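Trainee: The structure under discussion is supplied below as structure tokens; questions concerning it will follow.
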Amino acid sequence: MAVIEEIRCSNCGAPLTFNPGEIVATCRYCGFTQVIETGKAFELEHSMILNEYRPEQTDELVRNWMRGGFLKPGNLARSSKITEQNLIYLPFWVVSLDASSTYKGIFDRLTPPVEKEGKIEKEYNWLVLARKASDFPAREYKAPLEGKIQYDFRKIEGFAKVLNSEIEREEAVDIAKQQIESLHQFLVKQDVDRVIEMSTSFKVGDSVYLHAPVWFIVYEYKHERYNIFLDGATGTVLKGDVPTTKFGLI
Ligand SMILES: [Zn+2]
């Protein structure tokens, strides 16, 4: 179990609790965001996305999700009990990057095979989850960035939890580069069958620290517990565990 440590908020003096491994902490009393090690103010832009749902509304969203789609037990919505609904503001880094990959490869599907060259150039606002261990499906999550506003602690619900960052900006930039590079590798393989050479270069722009609302929901069905992640901005289920249904002979 992690030990919670405590320092004072450099802005208002309130106790600021944090867990080992956390690097940037936000005060829940005044919203001041500081670098834990130095106690100095965090200097990059800190934004947030607003949560649009109350706990009782998420209940309805979850039931609707349970009713839709294949492979769910027919009585899932009726027979499940929602036992936990926790609103958590997850920390992310939004890394702005221009990425450019040039490649050369062989297109085998023709006889004779042909050599092909190409270039992929894209601009990204790449989202990196600022937590080290998490079940959260970060790669499937598209934060509605157009709705982001400056971080305002008064907009955080009293019952919500705000998680601190465990990842520094430079590390987030590296992660973004790796992930974009593998995305480009995937794209290149759509164009050529064998890659002879490929190189990717980046132009790194600004990074924004962002808190985005996610509901961590637990439901019970036939005495088993299942998890759901629901986007607090859009009400969409990002990922939900489903009881296995048994088909075939009864
Ligand atoms: Zn404070």
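Residues 32 to 281, numbered by our numbering, are exactly what the sequence shown covers, in order.
The beta-carbon is built from N, C-alpha and C at its ideal position, and this holds for glycine as well.
A quick note: this is a predicted structure, and the numbers were derived from the prediction, not measured.
(1) Grouping DSSP H, G and I as helix and E and B as strand, with all else coil, what is residue 214?
(2) When the Cβ atoms of the region 253 to 272 are set against those of the region 225 to 233, are three or more pairs found closer than 8 Å?
(3) In its own chain, which residues sit with a C-beta less than 6 Å from the C-beta of residue 40, not counting the 5 before and 5 after it?
(4) Could you tell me the alpha carbon to alpha carbon distance between residue 166 and residue 196, rounded to whole angstroms?
(5) What does residue 196 pair with, by DSSP beta-bridge criteria?
(6) Do you know offhand how far residue 151's Cα is from residue 90's?
(7) Using a threshold of 8 Å, is the CB atom of residue 30 nearer than that to any non-hydrogen atom of ligand 1?
(8) Is residue 44 near ligand 1 - that is, is its Cβ less than 8 Å away from at least one heavy atom of it?
(9) Quick check: does the Cβ of residue 102 come within less than 8 Å of any heavy atom belonging to ligand 1?
(10) With a floor of 3 residues, list each beta strand (DSSP E) that falls wholly inside the region 82 to 168, ordered by position along the chain.
(11) From the DSSP secondary-structure annotation, give me the bridge partner or partners of residue 228.
(12) Is residue 241 near ligand 1 - that is, is its Cβ less than 8 Å away from at least one heavy atom of it?
(13) Ligand 1 and residue 121: does the residue's C-beta get closer than 8 Å to at least one heavy atom of that ligand?
(14) Count the other C-beta atoms from every protein chain shown that fall within 10 angstroms of the C-beta of residue 158, then say buried if there are 16 or more, exposed otherwise.
(15) Any idea what DSSP makes of residue 176, helix, strand or coil?
(16) Measuring only the C-alpha atoms, how far is residue 124 from residue 115?
(17) Per DSSP, residue 259 forms a beta bridge with which residues?
Mentor: So, from the data block:
(1) helix
(2) no
(3) Excluding positions up to five away in sequence, the list reads 47, 58, 63.
(4) Their backbone Cα atoms lie some 16 Å apart in a straight line.
(5) 55
(6) 43 Å
(7) With the chain represented from 32 up to 281, any question about residue 30 goes unanswered, as that position is not in the structure.
(8) yes
(9) no
(10) 112 to 138, 145 to 160
(11) DSSP, once it has assigned bridges, lists 135 as partnering residue 228.
(12) no
(13) no
(14) buried
(15) If DSSP states are grouped into helix, strand and coil, residue 176 belongs with the helices.
(16) Approximately 27 Å between the Cα atoms of the pair.
(17) 248, 271
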